[in-house]
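Student: One point on numbering: in the working numbering, the residue at position 34 of the sequence shown is 20, and numbering is uninterrupted. Below is one structure. I have some questions about it.
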Amino acid sequence: MDFLAGKVLGGTSAVNGMVYGEGHPGDYPVPAEDVQAALEALGQPRLRRPHGLQRLPPVFRAIVDAFELARVPWLGTRGDFPIVNGVGFVARWAQRWSAYDQALGPQRNVSHLAGRTSGGGSIAVLTHTRVRRLLFGRGSRGQWPGIEAVEVVLDSNVTWQLPTPRLVLAAGAIGTPALLMASGVQRHCNATVGFDLQDHIGFRTLFSLKASCDDPDPHSEGAWTRSLVKGKGADIDLVAYLGKERPYAQIVLSPQCGIVGGERRLAFGVDVILLRGVTRGRIHQAELGAPGSGHDKRTRLEFPVAQQDVEALMRVFIFMRTQVFGSPALAKYPAEPHPIGRFPAADDHEGLYHHIMPRLQNFYHMAGTMHGAIDRRLRLPGCRGLRVADGSAFASPVVGHPDVPTRALGWLAARYLLEDEGLL
-13 MDFLAGKVLG
-3 GTSAVNGMVY
7 GEGHPGDYPV
17 PAEDVQAALE
27 ALGQPRLRRP
37 HGLQRLPPVF
47 RAIVDAFELA
57 RVPWLGTRGD
67 FPIVNGVGFV
77 ARWAQRWSAY
87 DQALGPQRNV
97 SHLAGRTSGG
107 GSIAVLTHTR
117 VRRLLFGRGS
127 RGQWPGIEAV
137 EVVLDSNVTW
147 QLPTPRLVLA
157 AGAIGTPALL
167 MASGVQRHCN
177 ATVGFDLQDH
187 IGFRTLFSLK
197 ASCDDPDPHS
207 EGAWTRSLVK
217 GKGADIDLVA
227 YLGKERPYAQ
237 IVLSPQCGIV
247 GGERRLAFGV
257 DVILLRGVTR
267 GRIHQAELGA
277 PGSGHDKRTR
287 LEFPVAQQDV
297 EALMRVFIFM
307 RTQVFGSPAL
317 AKYPAEPHPI
327 GRFPAADDHE
337 GLYHHIMPRL
347 QNFYHMAGTM
357 HGAIDRRLRL
367 PGCRGLRVAD
377 GSAFASPVVG
387 HPDVPTRALG
397 WLAARYLLED
407 EGLL
């Protein structure tokens, strides 16, 4: 499986305004009461689309009925924390008003970002730079070694140092441990990092239903999905979580129109995602070249997918095919494999395995690589002045989506730092 590990804010996931999943209390490395305070401080979604079932197209209602027959209840408009067993939906084009928007206002500059903070100071973002390593000082009088500076490389490979006695790392579940290992964290702080790499893994396939996208009835599925043919996209996805108090799998159904037998048919792209698997990877320490040489080696990682996780995905898919798309609730809209995502017969488990493997992917929600090294206030014991606030701090990949939970960790890291300085 090719492992997706691109470069976006936080290094853990695309920051996505349409997703407002707050995860599960067991995902977080901090006390539950602190999590709740952070979520409240970050603000609520400006548009969450809390429709009732009566606002959904008939075929969506039939799918919800199928889930309920399979003992996956309709979640309705209940809150997002914690995420529990059930089926609901997310708005694709929703927006959210957050503490970030409030602090920075509507005017933002890509090359330099400055805004007022609650303490009357300012925040600046340096672009076209790369943090190469951290510089630690020696501990004295029984104190841990502390952060002294950050070594930064500009586009031109010019290296300079930013003095700092305190630092919050948010380079992601790959970037944060890689940076610490390159900085000699084992030698300076006696900290072992970079193990227990986890991610949501899964695959996508397609089901088409016998419902036309060209039906002239304005109240039909065809009328509702005609915008898909024009490329506008439908505005909601159905999302189901399987598992009791703490879900183990997620199913996302995204409506679209496809050509089946010369007709435009309503189809669903189905993402089958394992939320808590047994696959574990690790980060290998990168080697740094001479300062200014530009010859630093790239970080390497291992992520061998466990057979047990593939088998779990197979079971979720079989549930989806038999209990949902094969449900009596969908008798009016019989499902069939879409030509693009054709899969084997129901009793062909070996064929299903070979169907899944080439489609297997990670969902860029990495976690776990710093969880065993930090404490309940996001500090790295042994490294004075250093905190971690990204996906690496989570015990396992966040149920749902790590966008909001990662922001919550950032808010908490700032609060903890101010408390330690006696400023709160």
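Ideal placement from N, C-alpha and C gives every residue a C-beta, glycine not left out.
1. What number of angstroms, rounded off, separates the C-alpha of M167 from the C-alpha of R307?
2. Buried or exposed: which applies to T162, given that a residue is buried once 16 or more other Cβ atoms fall within 10 Å of its Cβ?
3. Can you give me the C-alpha to C-alpha distance between R301 and D182, rounded to a whole angstrom?
4. By Cβ distance, which residues of its chain are closer than 6 Å to Y14, with the 5 residues on each side in sequence left out?
5. Are G377 and A159 closer than 7 Å when you measure CB to CB?
6. Could you check how far apart the C-beta atoms of I237 and A253 are, in whole angstroms? I think they sit under 8 Å.
7. To the nearest angstrom, how far is the alpha carbon of P383 from that of A332?
8. So which of A24, H10, G9 has the shortest CA-CA distance to A394?
9. Among R116, P149, L165, which residue has its Cα nearest to the Cα of H142?
10. Rounded to whole angstroms, what is the Cα-Cα separation between L409 and M352?
11. On the DSSP letters alone, give me the boundaries of the beta strand (DSSP E) that E288 sits inside.
12. Whose C-beta lies closer than 8 Å to the C-beta of A298 among residues of the same chain, with five residues either side of it excluded?
13. Return the CA-CA distance between W60 and H357, expressed in angstroms with no decimal places.
14. Taking the beta carbon of N176 as the centre, do at least 16 other beta carbons fall within 10 Å, making it buried, or is it exposed?
15. So, is Q294 buried or exposed, given that buried needs 16 or more other C-beta atoms within 10 angstroms?
16. Would you please state the rounded distance, in angstroms, between the beta carbons of Q256 and F193? I believe it to be under 8 Å.
17. Apart from the five residues just before and just after L404, which ones in its own chain have a Cβ nearer than 7 Å to its Cβ?
18. I need the boundaries of the alpha helix (DSSP H) containing V302, first residue and last residue.
19. Comparing alpha-carbon positions, which option in Q147, G386, G248, I222 lies nearest V70?
20. Taking F53 as part of the alpha helix (DSSP H), name the residues at either end of that continuous run.
21. Suppose only complete runs of 3+ residues qualify. What are the beta strand (DSSP E) ranges in the stretch 123 to 169, listed by chain order?
22. Nearest to S169 by alpha carbon, out of A197, G132, K318, I222?
23. How many angstroms separate the CA atom of A135 from the CA atom of D406?
24. Determine, using beta carbons only, whether Q242 and G354 come nearer to each other than 7 Å.
25. Give me the DSSP bridge partner(s) of H270.
26. Would you mind sorting E249 into buried or exposed? The rule is 16 or more other CB atoms within 10 Å of its CB.
27. Is the distance from the Cβ of F53 to the Cβ of V73 below 7 Å?
28. Could you check whether the Cβ of L166 sits closer than 7 Å to any Cβ belonging to chain C?
29. Do you know how far the Cα of H114 is from the Cα of L364?
Tutor: Walking through what the data contain:
1. For the purposes of this step, residue 167 is identified with residue 181 of the sequence shown, where counting begins at 1. For the purposes of this step, residue 307 is identified with residue 321 of the sequence shown, where counting begins at 1. The straight-line gap from Cα to Cα measures roughly 45 Å.
2. Within the sequence shown, residue 162 is the residue found at index 176, counting from 1. Buried.
3. Taking the sequence shown and counting its residues from 1, one reaches residue 301 at position 315. Taking the sequence shown and counting its residues from 1, one reaches residue 182 at position 196. Their backbone Cα atoms lie some 25 Å apart in a straight line.
4. On the sequence shown, position 28 is the one that residue 14 refers to. Counting only Cβ-Cβ distances below 6 Å, and skipping sequence neighbours, we find V21.
5. Counted from its first residue, the sequence shown places residue 377 at position 391. Counted from its first residue, the sequence shown places residue 159 at position 173. Cβ distance < 7 Å, so G377 and A159 count as in contact.
6. For the purposes of this step, residue 237 is taken as residue 251 along the sequence shown, with counting starting at 1. For the purposes of this step, residue 253 is taken as residue 267 along the sequence shown, with counting starting at 1. Rounded, the Cβ-Cβ distance is 15 Å, inconsistent with contact.
7. Taking the sequence shown and counting its residues from 1, one reaches residue 383 at position 397. Taking the sequence shown and counting its residues from 1, one reaches residue 332 at position 346. Here the C-alpha atom of P383 lies approximately 31 Å from the C-alpha atom of A332.
8. In the sequence shown, the residue the question calls residue 394 occupies position 408. It is A24.
9. For the purposes of this step, residue 142 is identified with residue 156 of the sequence shown, where counting begins at 1. It is Ser, not His, that sits at residue 142 in the sequence shown. Per the Cα distances, R116.
10. Here residue 409 refers to the residue found at position 423 when the sequence shown is read from its first residue. Here residue 352 refers to the residue found at position 366 when the sequence shown is read from its first residue. Rounded to whole angstroms, the separation of the alpha carbons of M352 and L409 is 33 Å.
11. The count along the sequence shown starts at 1 and reaches residue 288 at position 302. From DSSP, the beta strand (DSSP E) with E288 extends over 286 to 288.
12. Counted from its first residue, the sequence shown places residue 298 at position 312. Hits under 8 Å: Y234, A235, L260, G263.
13. As a working note, residue 60 is residue 74 in the sequence shown. As a working note, residue 357 is residue 371 in the sequence shown. Roughly 33 Å between the two C-alpha positions.
14. Along the sequence shown, one-based indexing puts residue 176 at 190. The residue in question, N176, is exposed, as its Cβ has fewer than 16 Cβ neighbours within 10 Å.
15. Residue numbering aside, residue 294 sits at position 308 when the sequence shown is read from its first letter. Result: exposed.
16. Stepping through the sequence shown from its first residue, residue 256 is reached at position 270. Stepping through the sequence shown from its first residue, residue 193 is reached at position 207. Checking the sequence shown, residue 256 turns out to be Val, not Gln. Indeed they touch by this definition, with Cβ atoms about 6 Å apart.
17. Residue numbering aside, residue 404 sits at position 418 when the sequence shown is read from its first letter. Result list for L404: L410, in chain order.
18. Translated into positions along the sequence shown, residue 302 becomes position 316. Counting along the chain, the alpha helix (DSSP H) containing V302 begins and ends at 293 to 305.
19. If you number the sequence shown from 1, residue 70 lands on position 84. Here the closest residue by C-alpha is G386.
20. Here residue 53 refers to the residue found at position 67 of the sequence shown. Segment 44 to 55, the alpha helix (DSSP H) holding F53.
21. 133 to 140, 145 to 149, 153 to 155
22. In the sequence shown, the residue the question calls residue 169 occupies position 183. Answer by Cα proximity: G132.
23. For the purposes of this step, residue 135 is identified with residue 149 of the sequence shown, where counting begins at 1. For the purposes of this step, residue 406 is identified with residue 420 of the sequence shown, where counting begins at 1. Going from the Cα of A135 to the Cα of D406 covers about 20 Å.
24. The residue labelled residue 242 in the question sits at position 256 within the sequence shown. The residue labelled residue 354 in the question sits at position 368 within the sequence shown. It is not a contact, given that the beta carbons lie outside the stated cut-off.
25. Translated into the one-based positions of the sequence shown, residue 270 becomes position 284. The partner list for H270 (beta bridge, DSSP) reads R286.
26. Numbered from its first residue, the sequence shown carries residue 249 at position 263. It counts as exposed.
27. The residue you call residue 53 lines up with position 67 of the sequence shown. The residue you call residue 73 lines up with position 87 of the sequence shown. In contact: F53 and V73 (Cβ atoms closer than 7 Å).
28. Structure shown: chain C not included; a single protein chain is present.
29. On the sequence shown, position 378 is the one that residue 364 refers to. On the sequence shown, position 128 is the one that residue 114 refers to. Looking at the two C-alpha atoms, the distance is approximately 28 Å.
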